[in-house]
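Chains as they are written, first to last, in this note's numbering: chain A, 356 to 750; chain B, 356 to 750.
Beta carbons: idealized from backbone N, C-alpha and C, even for Gly.
Here the structure is a predicted model, which is why all the values come from computation and not from measurement.
Beneath this line is the structure, given in structure tokens, with notes to follow.
Number of protein chains: 2
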Amino acid sequence: MFTVGSQLSTGGRTGVISTPHGDIRTPAFIPVATRAAVRAVLPEPMRELGAQALLANAYHLYLQPGSDIVDEAGGFGRFMGWDGPTFTDSGGFQVLSLGAGFQKTLAMDAKGVTADDVIAEGKDRLATVDDEGVTFKSHLDGSRHRFTPEVSMGIQHQLGADIIFAFDELTTLMNSRGYQERSLDRTQRWAERCLTEHERLSAERSAKPAQALFGVVQGAQHEDLRRQAARGLRSLDFAGYGIGGAIEKENLATIVGWVTDELPDDRPRHLLGIGEPEDLFAGIEHGCDTFDCVQPSRVARSSRVYTSRGKENLLVAASRRRFEPIDPECDCYTCANYTRAYLHHLFKAKEYNAATLCTIHNERFIVRLVDRIRDAIDDGTYADYKADFLGRYTP
Amino acid sequence: MFTVGSQLSTGGRTGVISTPHGDIRTPAFIPVATRAAVRAVLPEPMRELGAQALLANAYHLYLQPGSDIVDEAGGFGRFMGWDGPTFTDSGGFQVLSLGAGFQKTLAMDAKGVTADDVIAEGKDRLATVDDEGVTFKSHLDGSRHRFTPEVSMGIQHQLGADIIFAFDELTTLMNSRGYQERSLDRTQRWAERCLTEHERLSAERSAKPAQALFGVVQGAQHEDLRRQAARGLRSLDFAGYGIGGAIEKENLATIVGWVTDELPDDRPRHLLGIGEPEDLFAGIEHGCDTFDCVQPSRVARSSRVYTSRGKENLLVAASRRRFEPIDPECDCYTCANYTRAYLHHLFKAKEYNAATLCTIHNERFIVRLVDRIRDAIDDGTYADYKADFLGRYTP
């Protein structure tokens, strides 16, 4: 399903991922449609701004409307009117970060209680992890649910995305070394169970388009654990790999480098939840092929837009009379048709279209950035393009 | 600026209103873009769904971003990326209904205080009307402002719509007969002042596209006052007429009939704030040419959609698995691409696109209804079309 094109000496490469719903030219930024909808933007503008695929969240769609309903609708792409390639994540991140208690856990860490103590204790209000799976409370109504590798595979088969991810355990940088080791063992065993269940379900649902399962490499900030995790997953037959978990920004390139060093070159690698320009350069340079992140959409809703100089806030009073586009060089629909003064007004007036127009701009900015990096790798001008972009851009 | 086409024996007619930004085939429903934006829908989908013109509110745009800013942007149409014909209302309705105290006034009526007592008293928290104009508090920040006929004309010239309205006083059905008479005298004098100021400003701003000023007929539920108001305005040189003020639904046809009976046939008539299907039939039948109403958009945001049977709520649990469009006969973008099950999910998940998709459907429904009435008048099949539509539709 993956063909490698040009390569950088650092391990970065271009390529093409083939899916039943079309090809993805990589590196590619995959916008997030958490609940089978990109917040405030319909599928057509997403296609027009160059999105090649969308990623939805298994956790959210399981809770609402229910993955059985999405299955009856023909999968999340058809449900939302998107006919291109699709991804779903496994829910592993969300059951621990949203499902209950992760924020609380981090707060408790600060007071000297380690994160694993709290998770291990299994207090009523927290998500609890055991060797079989994770029990958690819905962030919507507090109801109790349980995800296991098999449950996650069942949900993701119902959601019907072209690329799906193995169910993994999210740890934090504050978990102890011992906990990270135990967690990693568990994630490896879960990966095996996911593969088995995925094969079983694929046979059972053979009339539906084939789905490709990616294993997810955890291991936090530890080189030996990251390498061990990557080697462990490499020994299994995954169609591709996700790189997940707690990664401090300044170590991103290093950690990604350890992992891609161990992974096979002929399988695509997805860096989960990463989308800031400087991080995309780091990830791509070290061999990641696809990326997803809610950031372009989330910051747009709080009136912040990407420009070649960095993020700017349209709500500043200085925007009131700026009758010019966000970025005169931008080729997006918003910059072609609207001024900063108008967008400032929409945010002040709390109009829905403010979110729509700024999300279109931000998603286009990030999608185009990755497209240009891809072209630069193919043209042999990557180093120049990176120096030029990052020379002007302040994170 | 107005050419009459076919006519009904009841006074209804088809026609064409010519503006500097294009023609409007009448009768026509004009969707509302209160703050220079149709809530949750961009201009392109509005054009695609058949909207011929948009109407913005002088009161809202005066307060935010300020009509001077809209003027600098080239008028509200250009500001929001809409190149078709535009209307603005005068702010007369909003300064009394939103500006402060109108709700309160109505509440006090119920306790035996008449609305005019409260308005006349000029209590601090209320809008106060005097012969010169209206002083009111902003609903946004409580700041004090004053609208006069001259101020309203100045604002509407800055907003730059093709069709603008004279500044009038809104009364309620609970105002005393004596107050209605005094108010009507005032509205007539304000109409004269608006015309004078409009002519002065038009000469001063002669480089800009010509704007057409419509007088507004008030008179509440009283036949003699409505007729007197219409005759009074007819004696002045207005390009067209608005019909405004307090009208009980069951008397709509009767009241509109009194007014259009007095108005010249060669000028267009706009029925302000009316947009429910049954009211559109009544208004059109009695000679109204254009209509505006926030209703299609407002009810869409609360998950209610128009169908040939009446309004239905997509949030009902029965929608969860209805994998079919809102209305299989509807030709809108939403019905062509989305199911009730998906829209139900979007409302449950509080996704912005729920409002977008249902507003597109509702605006299309109402725009198309008026278009079909127009065709039926031209074809001589109006009575059949009305009987057929209202026979199935429950308000």
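Based on Cα-Cα distance, which residue from the options lies nearest to residue i?
i                            : options                                : result
histidine 500 of chain A     : A:Leu528, A:Gln566, A:Glu603, A:His415 : A:His415
glutamate 484 of chain A     : A:Asp438, A:Leu514, A:Gln535, A:Phe434 : Note that residue 484 of chain A corresponds to valine in the displayed sequence, not to glutamate. For valine 484 of chain A, the nearest C-alpha among the options comes from A:Gln535.
phenylalanine 636 of chain B : B:Phe384, B:Ile372, B:His376           : B:Phe384
aspartate 730 of chain A     : A:Glu605, A:Arg368, A:Phe442           : A:Arg368
isoleucine 629 of chain A    : A:Ile639, A:Arg622, A:Asp620, A:Asp621 : A:Ile639
leucine 607 of chain B       : B:Arg581, B:Ile728, B:Lys492, B:Glu547 : B:Arg581
isoleucine 519 of chain B    : B:Ser531, B:Met508, B:Met529, B:Leu528 : B:Met508
proline 400 of chain A       : A:Thr662, A:Gly436, A:Gly642, A:Ala428 : A:Gly436
isoleucine 598 of chain B    : B:Val572, B:Gln576, B:Ile610           : B:Val572
alanine 655 of chain A       : A:Phe702, A:Lys741, A:Leu627           : A:Phe702
valine 649 of chain B        : B:Asn708, B:Pro386, B:Arg402           : B:Pro386
leucine 698 of chain B       : B:Gly377, B:Pro398, B:Arg675, B:Pro619 : B:Arg675
threonine 527 of chain A     : A:Gln576, A:Ala567, A:Leu591, A:Pro564 : A:Gln576
aspartate 579 of chain B     : B:Tyr688, B:Arg532, B:Ala482, B:Val660 : B:Arg532
arginine 541 of chain A      : A:His553, A:Gly574, A:Ile510           : A:Gly574
glutamine 566 of chain A     : A:Arg653, A:Ile728, A:Ala516, A:Ala738 : A:Ala516
aspartate 621 of chain B     : B:Gly377, B:Arg555, B:Gly612, B:Gly595 : B:Gly595
glycine 587 of chain A       : A:Ser561, A:Met529, A:Lys705, A:Pro619 : A:Pro619
threonine 374 of chain A     : A:Lys492, A:Ala558, A:Lys563           : A:Lys563
glutamate 605 of chain B     : B:Asn530, B:His625, B:Glu631, B:Arg589 : B:Glu631
alanine 696 of chain B       : B:Glu706, B:Asn708, B:Leu670           : B:Leu670
aspartate 496 of chain A     : B:Ala428, B:Glu667, B:Ala704           : B:Ala704
arginine 589 of chain B      : B:Thr615, B:His553, B:Ile610           : B:Thr615
alanine 710 of chain A       : A:Lys492, A:Phe431, A:Asn668           : A:Asn668
glycine 430 of chain A       : A:Leu627, A:His376, A:Leu397           : A:His376
Take residue i and list the residues in its own chain whose beta-carbon comes closer than 6 Å to its own, dropping the five residues that flank it on each side.
i                            : result
phenylalanine 502 of chain B : Gly446, Val450, Gly488, Val489
valine 359 of chain B        : Arg368, Gly370
aspartate 426 of chain A     : Gln513
threonine 443 of chain A     : Ala411, Ala413, Gln511, Leu514, Ala516, Ile519
isoleucine 379 of chain A    : Ile372, Gln407, Ala408, Pro440
serine 652 of chain A        : Arg394, Thr714
aspartate 739 of chain A     : none
lysine 459 of chain A        : Residue placement at lysine 459 of chain A cannot be trusted, given a pLDDT of 42 that sits under 50; what the coordinates show is reported in the next sentence. Nothing listed; no residue qualifies.
valine 612 of chain A        : Looking at the sequence shown, residue 612 of chain A is not valine but glycine. Same-chain partners within the cutoff: His641.
alanine 388 of chain B       : Leu409, Ala411
arginine 677 of chain B      : Arg695, Ala696
serine 658 of chain A        : Asn668, Leu669, Leu670, Phe702
Measure the beta-carbon distance from residue i to residue j and round it to whole angstroms, keeping in mind my assumption that it falls under 8 Å.
i                            : j                            : result
arginine 548 of chain B      : glutamate 617 of chain B     : Arginine 548 of chain B to glutamate 617 of chain B, Cβ: 22 Å. No contact.
phenylalanine 569 of chain A : alanine 601 of chain A       : Contact doesn't hold; Cβ gap of about 19 Å is too wide.
proline 680 of chain B       : threonine 694 of chain B     : 6 Å
proline 440 of chain A       : aspartate 644 of chain A     : The Cβ separation is near 13 Å, so there is no contact.
alanine 584 of chain B       : leucine 539 of chain B       : 6 Å
leucine 591 of chain B       : leucine 556 of chain B       : Not confirmed; about 17 Å, so no contact.
proline 623 of chain B       : phenylalanine 448 of chain B : Contact flag wrong, Cβ pair sits at about 19 Å.
cysteine 305 of chain A      : leucine 404 of chain A       : One cannot answer for residue 305 of chain A here, as it falls past the ends of chain A, which runs 356 to 750.
Using a Cβ-Cβ cut-off of 7 Å (strictly less than) and excluding sequence neighbours within five positions of residue i, which residues of its own chain qualify?
i                        : result
histidine 700 of chain B : none
glutamate 633 of chain A : Leu745, Pro750
With a threshold of 8 Å on Cβ separation, who are the neighbours of residue i within its own chain once the five nearest residues in sequence on each side are excluded?
i                         : result
aspartate 423 of chain A  : Gln513
leucine 453 of chain A    : Tyr414, His494
serine 663 of chain B     : Asp682, Glu684, Phe744, Arg747, Tyr748
aspartate 486 of chain A  : Arg541, Arg544
isoleucine 728 of chain B : Pro382, Leu635, Phe636, Ile639, Tyr737, Tyr740, Lys741
Touch test, the segment 356-364 of chain B against the segment 707-727 of chain B, Cβ-Cβ under 8 Å, three pairs minimum:
no
Uninterrupted beta strand (DSSP E) stretches inside the segment 529-583 of chain A (no shorter than 3 residues)
567-572
Go through the segment 616-692 of chain B residue by residue and report every complete run of the alpha helix (DSSP H) that reaches 4 residues or more, in order.
632-640, 650-656, 688-692
If we count Cβ pairs, one from each stretch, closer than 8 Å, do we get three or more for the segment 537-557 of chain A versus the segment 512-529 of chain A?
yes
Count the C-beta pairs between the segment 389-397 of chain B and the segment 712-721 of chain B that are closer than 8 Å, then say yes if the count reaches three, no if not.
yes
At least three beta-carbon pairs within less than 8 Å, the segment 728-748 of chain A to the segment 416-430 of chain B
no
Pick out the complete alpha helix (DSSP H) segments inside the segment 375-459 of chain A, 4 residues or longer, and give them in chain order.
398-403, 413-418, 422-427, 431-435, 447-452
Any beta strand (DSSP E) of 3 or more consecutive residues that is wholly inside the segment 585-613 of chain A
Whole beta strand (DSSP E) segments, 3+ residues: 595-598.
Beta strand (DSSP E) segments (min. 3 residues) lying fully within the segment 694-720 of chain A:
none
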